[in-house]
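Below you'll find the structure, written out as C-alpha cells, and then a few comments.
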Amino acid sequence: MDAFLQQALNGLTLGSIYGLVALGLTLVYGILHVPNFAHGALYMVGAYISYYVMVDLGLNYWIAMLGAGLFVAVLSVLCERLVFHPLRHAPPIHDKIAAIGILLFLEAVVQMHWGSDFRRMPTPYTGILEFGGLVLPAQRLLIIVGAFSIMGALHLYLKKTMTGSTIIAMAQNREGAFLVGIDANRVAMMTFAIAGFLAAVGASLFAPINLVYPAMGHLVIMKAFVIIILGGMGSIPGAIVGGLIIGFAEALGGYYVSSTYKDLIAFVLLVVILSIKPTGLFTKGVR
Amino acid sequence: MDRIANFFASPAMKVVLLAFALIFPLIAGSEYQIYVMALAFIWAIAVYGLNIITGFCGQLNLAHGGFFAIGAYVVAILTVDHGWAFWPAFVASGVFSAVFGFLVGIVSLRLKEHYFAIFTLCVGFIIYLLLDKWEALTHGSLGIINIAPPEGFGLIDFTRTIPFYYLVLFFLVLAIVLVSRISSSLVGRTFLAIRISDDLAQSLGINLMRNKVLAFVLSTVYAGLAGGLYAGVVRFIGPAEAEVVHTFDIITYLLVGGIGTLMGPLVGTMMITWLTQAVQSFEEYRMIVFGPMLVLLVIFMPKGVVGTFLTWRGRRLASKAPAKEGQTRVGDSATSSKEARDNA
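These protein sequences, in sequence, are chains R and L.
The first sequence begins at 1 in our numbering and counts up one residue at a time.
The second sequence begins at 1001 in our numbering and counts up one residue at a time.
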C-alpha cells in the first residue's frame, strides 16, 4: 500500500509538470489552431535560463525561475510575431513545419552555447518530509504546490479579468470575438506569452529532480501533445486532467509493469485510445 | 533567359541529369565524394516517399525517419542475427515496412491534419524507444555492426564504393520513374484531390481512407527500402537512425526542393547535402541555419526551388500568350500545360 501511495505521489508530481506544459500548448492551440511543436524547445530554453541565472550568476532560485519565465515569454511572443503571425493564412501544413524550424533552431543554439552534456541543477530545497512512512522530497512538494497554485492563478485570470476573458472568447469563437471588438493580435501575443511563461516555470520546477540537456524537451512536449489530445485540444481543464492521467499512468506503470518502457506508456495509451475513439476522450469532434 | 528556363523544364534536362549522375564517379575528386553522393541518393529515395504522402496527398507524416530506421533494422537483424543474405533481407525490409505502414496507416489516417501529424510524431517516437530499449531484438543502444553488404554473385563487389554508387543510382532512377508514373496516373490525381480538400474529394466519390492508406504504404515502402540500402552501405546502425531529427532533415530536403513536385526531392537533397559538405565543421550545428531556413521558406517561398521555378515559368508563358492570336493561344497553353504536367 505504501508503495502504491508513494508512486501515486510521484505521479502527482509528474502530472502537475505535464499539466503546466500542456496548458500552454492547449491555450495556443485554442487561439491559433497551431500545434506548436516548438513548445518543447521553449521548455528546454526555460530550464537553461534558470540554470544560467542560478549557477552562473549565483542568484536565488525564485529569481531564476521568474527570469526564465519572463525571458521565455518574450521569446514565445517573438515566435508568434515573426513566424506564426505571417503564416496565419497559410495552409495548415506550413505552420507545423515552421514550428519544427523554430524547434531545431533553438535546440541548435542551446547546444552550441552550452554543449550537449547533461547538467544537474541545484535546489535550495533539499529537505525530505515524512508522513507516516511516505517519503516526500521538499522539491516534489514544491512542484505540486507551485504547479497547482499557478493553475489556480491562471484560472482566476482567465475567468475573472477582462483581458483573460478575451482569450477565452477568442478560443470559443473567433468571428464572434472580432465582432465584439477583441484585438486578435493582442490576444495572440498574450497567449503566447502565458504559454512560454508556463513552460519555463514548469521546466525550472522540474529541472532540480531531472537533468538539463538540449533534448530534454522532446519527451515532455510529445507527452504534452498526448495529454491535449486526450483532454481535447483547446480545453483547459482537459489539459490538467490529462496531465494527471498521464502522470499517474507513468508512475504506476513504471513501478508495476516495467521501468524500461515507462516512457512508452503515454504513447501506447494514445495509440490505444485513438484506435478505439479517433476523436479523443473528451473532445466534441475532431476539427 | 527563357531558353535556359525552357531547357531546365524540358525532358532533355532529365537525360543531362542522368548522364551527369552516370559519369559522376569519373569526375569526382575523391572516393569520399562518390560515397557522399550515394548516401544523398539514398536519402533522396526516402524524400520521394515523404513526397507521396505529404506532397501529393497533403498529410504531414512525422514518422518517416522511423520507417527508414525500420527498413535498416530489418536488413540488419535478418543478416546479422539470422544469417540471411542481403537481397532477401532487402525485399523483407520493403515488405515489413509495407505491412507496418498499413497497420499504422489504418489507425492514424482516420485522424485529420494536426491530429495526424501529432499521432505520427508519437509513432516515430515509439519506434525510436523500441529500437533503443528492446535489447533482445535490436541490440539496444549499442547498435548492430557487420551488416551483410549486397552480394554481387561473384560479378560485382558492392562493398566497394563505385559499384554501390551505381546500385543506389539504379534504385533512385527506379523510384523517380515510379513516382512520375504515379503522379500522372488517376491514382496520383486522386491524391492531389485529397490534398486540396477532403470534402471535395469525397464528394467526387473518392474513397478517402483507401487512397490515403495507399499513399501512406507507398511512402513507407520507399522509406523502408531506402533504410535497407542505407544498412547495406553503412553496415553499422544504431537507434539514432530513428531520431526525429532525421525526419526533420527529410522534411527540409523536401521543402527546399519543392513539396509536391517531381524533381523537388532530388534537387533539395542534392542542394542541402553538398551545402553541408561544403562547410564540414558545420554539420553538427547545421540546424542553426536549417531551422530559420525552414521558417523563411514556408513564409516566403513555400513551393521550394522547383515549385517556384515552375510557377515563375508558367506565369511567363501565360503573360506571353495573349500577344498571339486566340486560336494559337489555346493550343499554346494546352501544350504548355501538358509540358508543365510532364515536368511537374
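Beta carbons: idealized from backbone N, C-alpha and C, even for Gly.
The model shown is predicted, which means the values in this text are computed figures rather than measured ones.
N- and C-terminal bounds of the beta strand (DSSP E) containing residue i
i: Val53 of chain R; result: Looking at the DSSP string, Val53 of chain R is not in any beta strand (DSSP E), and its letter there is neither H nor E.
i: Glu250 of chain R; result: Note, Glu250 of chain R: premise wrong, no beta strand (DSSP E); alpha helix (DSSP H) at 236-256.
i: Ile102 of chain R; result: First-last for Ile102 of chain R: 92-114, but that is the alpha helix (DSSP H), not the beta strand (DSSP E).
i: Val135 of chain R; result: 134-137
i: Ile128 of chain R; result: 128-131
Run of the alpha helix (DSSP H) containing residue i, from where it starts to where it stops
i: Gln1347 of chain L; result: Past the boundaries of the shown model lies residue 1347 of chain L; chain L is included only from 1001 to 1344, so the question cannot be answered.
i: Asp2 of chain R; result: 2-32
i: Ile1259 of chain L; result: Here Ile1259 of chain L belongs to no alpha helix (DSSP H), and DSSP marks it neither H nor E.
i: Phe1309 of chain L; result: 1304-1320
i: Gly1158 of chain L; result: Checking the displayed sequence, the identity of residue 1158 of chain L turns out to be Phe instead of Gly. Phe1158 of chain L -> no alpha helix (DSSP H), and no H or E assigned at all.
i: Met1287 of chain L; result: 1286-1300
i: Pro1011 of chain L; result: 1011-1027
i: Lys277 of chain R; result: Where Lys277 of chain R is concerned, there is no enclosing alpha helix (DSSP H), given that its DSSP letter is neither H nor E.
i: Leu1039 of chain L; result: 1031-1050
i: Ala63 of chain R; result: In the sequence on display, residue 63 of chain R carries Ile and not Ala. Ile63 of chain R -> alpha helix (DSSP H) spans 61-79.
i: Thr1138 of chain L; result: 1135-1138
Beta-bridge partners of residue i, as assigned by DSSP
i: Phe1236 of chain L; result: L:Ile1145
i: Val212 of chain R; result: R:Arg119
Residue i Cβ short of 7 Å to the ligand GDP heavy atom set
i: Met54 of chain R; result: With respect to the ligand GDP, the structure offers nothing, as it holds no ligand at all.
Worksheet item: Which residues, in chain order, does the stretch 63-78 of chain R contribute to contact with chain L at a C-beta distance below 8 Å?
Response: Per Cβ criterion, the list is empty.
Worksheet item: Does the pairing of the stretch 158-173 of chain R with the stretch 47-61 of chain R give three or more beta-carbon distances under 8 Å?
Response: Touching, no, given that fewer than three Cβ pairs across the two stretches are closer than 8 Å.
Discussion item. For the structure I just gave you, are there three or more beta carbon pairs, one from the stretch 1289-1307 of chain L and one from the stretch 102-113 of chain R, closer than 8 Å?
Written reply: Between the stretch 1289-1307 of chain L and the stretch 102-113 of chain R, the count of Cβ pairs shorter than 8 Å is three or higher; the stretches touch.
Item to complete: Output the residue ranges of the beta strand (DSSP E) runs that lie fully inside the stretch 1180-1211 of chain L and measure 3 residues or longer, sorted by chain position.
Response: Within the stretch 1180-1211 of chain L, no complete beta strand (DSSP E) segment of 3 residues or longer occurs.
Worksheet item: Which whole runs of the alpha helix (DSSP H) in the stretch 122-197 of chain R are 4 residues long or more, in chain order?
Response: If we require 4 residues or more, the alpha helix (DSSP H) runs fully inside the stretch 122-197 of chain R come out as 138-160, 162-172, 174-179.
Worksheet item: If you scan the stretch 1078-1114 of chain L from start to end, which runs of the beta strand (DSSP E) of 3 or more residues do you find wholly inside it?
Response: Counting whole runs of 3 or more residues, the stretch 1078-1114 of chain L contains no beta strand (DSSP E) stretch at all.
Item to complete: Spell out a yes or no on whether the stretch 263-276 of chain R and the stretch 221-240 of chain R are touching, meaning 3 or more CB-CB pairs, one atom from each, closer than 8 Å.
Response: Contact check between the stretch 263-276 of chain R and the stretch 221-240 of chain R: three or more CB pairs, one atom from each, fall below 8 Å, which counts as touching.
Worksheet item: With contact counted as at least three CB pairs below 8 Å, one residue from each stretch, are the stretch 1218-1237 of chain L and the stretch 1085-1096 of chain L in contact?
Response: With the cut-off at 8 Å, the stretch 1218-1237 of chain L and the stretch 1085-1096 of chain L touch.
Worksheet item: How do the stretch 69-82 of chain R and the stretch 123-140 of chain R stand: do at least 3 beta-carbon pairs fall below 8 Å, yes or no?
Response: Contact fails: fewer than three Cβ-Cβ distances are below 8 Å.
Worksheet item: In chain order, what residues of the stretch 99-116 of chain R put their CB closer than 7 Å to some CB of chain L?
Response: Per Cβ criterion, the list reads Ile100, Gly101, Ile102, Leu104, Phe105, Glu107, Ala108, Val109, Met112.
Practice prompt. Check whether the stretch 205-212 of chain R touches the stretch 83-97 of chain R, taking contact to mean three or more Cβ pairs, one atom from each stretch, closer than 8 Å.
Written response: Not touching, per the Cβ criterion.
Worksheet item: Which residues, in order along the stretch 1099-1124 of chain L, keep a beta-carbon less than 7 Å from a beta-carbon of chain R?
Response: Taken in chain order, the members of the stretch 1099-1124 of chain L whose beta-carbon sits within less than 7 Å of a beta-carbon on chain R are Val1107, Arg1110, Leu1111, Lys1112, Glu1113, His1114, Tyr1115, Ala1117, Ile1118, Phe1119, Leu1121, Cys1122.
Discussion item. Can you confirm whether the stretch 1155-1174 of chain L touches the stretch 126-133 of chain R when touching is taken to mean that 3 or more C-beta pairs between the two stretches lie within less than 8 Å?
Written reply: Contact between the stretch 126-133 of chain R and the stretch 1155-1174 of chain L is absent, with fewer than three C-beta pairs closer than 8 Å.
Worksheet item: Counting pairs of Cβ atoms below 8 Å between the stretch 89-96 of chain R and the stretch 1109-1126 of chain L, do you hit three or more?
Response: Yes: at least three Cβ pairs fall under 8 Å.
Worksheet entry | Proximal residues, the stretch 259-275 of chain R versus chain L, C-beta separation under 9 Å | For the stretch 259-275 of chain R, which is checked against every Cβ of chain L, the residues closer than 9 Å are Thr260, Tyr261, Asp263, Leu264, Ala266, Phe267, Val268, Leu270, Val271, Leu274, Ser275.
Worksheet entry | Residues, ordered as in the chain, of the stretch 80-91 of chain R that lie near chain L by beta-carbon distance below 9 Å | Residues passing the 9 Å Cβ filter: Leu82, Val83, Pro86, Leu87, Ala90, Pro91.
Worksheet entry | Three CB pairs or more closer than 8 Å across the stretch 150-157 of chain R and the stretch 55-64 of chain R | At 8 Å Cβ cutoff, the stretches do not touch.
Worksheet entry | At least 3 beta-carbon pairs within less than 8 Å: the stretch 1134-1143 of chain L vs the stretch 1249-1265 of chain L | Not touching, per the Cβ criterion.
Discussion item. What are the residues in the stretch 1282-1313 of chain L lying within 7 Å of chain R by C-beta distance?
Written reply: Correct list: Tyr1285, Met1287, Ile1288, Phe1290, Gly1291, Pro1292, Leu1294, Val1295, Val1298, Ile1299, Pro1302.
Worksheet item: Between the stretch 1121-1151 of chain L and chain R, which residues of the former have CB atoms less than 8 Å from a CB of the latter, in chain order?
Response: Listed by position along the chain: Leu1121, Cys1122, Val1123, Phe1125, Ile1126, Leu1129, Leu1130, Lys1133.
Worksheet entry | Interface positions of the stretch 220-247 of chain R facing chain L (Cβ-Cβ less than 8 Å), listed along the chain | Within the stretch 220-247 of chain R, the residues whose Cβ lies closer than 8 Å to some Cβ of chain L are Met222, Phe225, Val226, Ile229, Met233, listed in chain order.
Worksheet item: With contact counted as at least three CB pairs below 8 Å, one residue from each stretch, are the stretch 1043-1061 of chain L and the stretch 1177-1184 of chain L in contact?
Response: A contact exists between the stretch 1043-1061 of chain L and the stretch 1177-1184 of chain L.
Worksheet item: Can at least three beta-carbon pairs, one atom from the stretch 1213-1221 of chain L and one from the stretch 1099-1110 of chain L, be found at a separation below 8 Å?
Response: Flag = yes, the stretch 1213-1221 of chain L and the stretch 1099-1110 of chain L touch.
Item to complete: Please list the residues of the stretch 146-159 of chain R that have a C-beta atom closer than 8 Å to any C-beta atom in chain L, keeping them in chain order.
Response: Cβ contacts with chain L: none found.
Worksheet item: Is there contact here, the stretch 17-25 of chain R with the stretch 233-249 of chain R, by at least three beta-carbon pairs under 8 Å?
Response: With three or more CB-CB distances shorter than 8 Å, the stretch 17-25 of chain R counts as touching the stretch 233-249 of chain R.
Discussion item. If the cut-off is 9 Å on Cβ atoms, which residues from the stretch 7-36 of chain R count as contacting chain L, listed in chain order?
Written reply: From the stretch 7-36 of chain R, only Tyr29, His33, Val34, Pro35 have a Cβ closer than 9 Å to chain L.
Worksheet item: Residues in the stretch 1248-1261 of chain L with C-beta within 7 Å of chain R's C-beta atoms, listed in sequence order?
Response: Per Cβ criterion, the list reads Phe1248, Ile1251, Leu1255.
Item to complete: Inspect the CB distances between the stretch 1028-1040 of chain L and the stretch 1190-1200 of chain L and report whether three or more fall short of 8 Å.
Response: Fewer than three beta-carbon pairs drawn from the stretch 1028-1040 of chain L and the stretch 1190-1200 of chain L are found closer than 8 Å, and the two stretches are therefore not classed as touching.
Discussion item. Three Cβ pairs or more, each shorter than 8 Å: is that satisfied between the stretch 1061-1071 of chain L and the stretch 1246-1259 of chain L?
Written reply: At 8 Å Cβ cutoff, the stretches touch.
Discussion item. With a threshold of 8 Å, are at least 3 pairs of Cβ atoms found where one atom belongs to the stretch 108-116 of chain R and the other to the stretch 1303-1322 of chain L?
Written reply: Counting Cβ pairs under 8 Å, fewer than three are found: no touch.
Worksheet item: Between the stretch 1054-1065 of chain L and chain R, which residues of the former have a C-beta closer than 8 Å to a C-beta of the latter?
Response: Under the 8 Å Cβ criterion, the stretch 1054-1065 of chain L contributes Thr1054, Gly1058, Leu1060.
Item to complete: Examine the Cβ distances between the stretch 176-188 of chain R and the stretch 116-128 of chain R and report whether three or more of them are shorter than 8 Å.
Response: Touching, no, given that fewer than three Cβ pairs across the two stretches are closer than 8 Å.
Worksheet item: Looking at C-beta atoms only, is the number of pairs between the stretch 1019-1027 of chain L and the stretch 1235-1249 of chain L that lie closer than 8 Å three or more?
Response: Taking 8 Å as the limit for Cβ pairs, the verdict is that the stretch 1235-1249 of chain L does not touch the stretch 1019-1027 of chain L.
Practice prompt. Mind the definition here: the stretch 8-15 of chain R touches the stretch 247-264 of chain R only if three or more C-beta pairs lie below 8 Å; say whether that holds.
Written response: Using a C-beta cut-off of 8 Å, the stretch 8-15 of chain R makes contact with the stretch 247-264 of chain R, since at least three inter-stretch Cβ pairs fall below that distance.
Worksheet item: Would the stretch 252-268 of chain R and the stretch 28-45 of chain R be scored as touching if the rule is three or more Cβ pairs under 8 Å?
Response: Touching, no, given that fewer than three Cβ pairs across the two stretches are closer than 8 Å.
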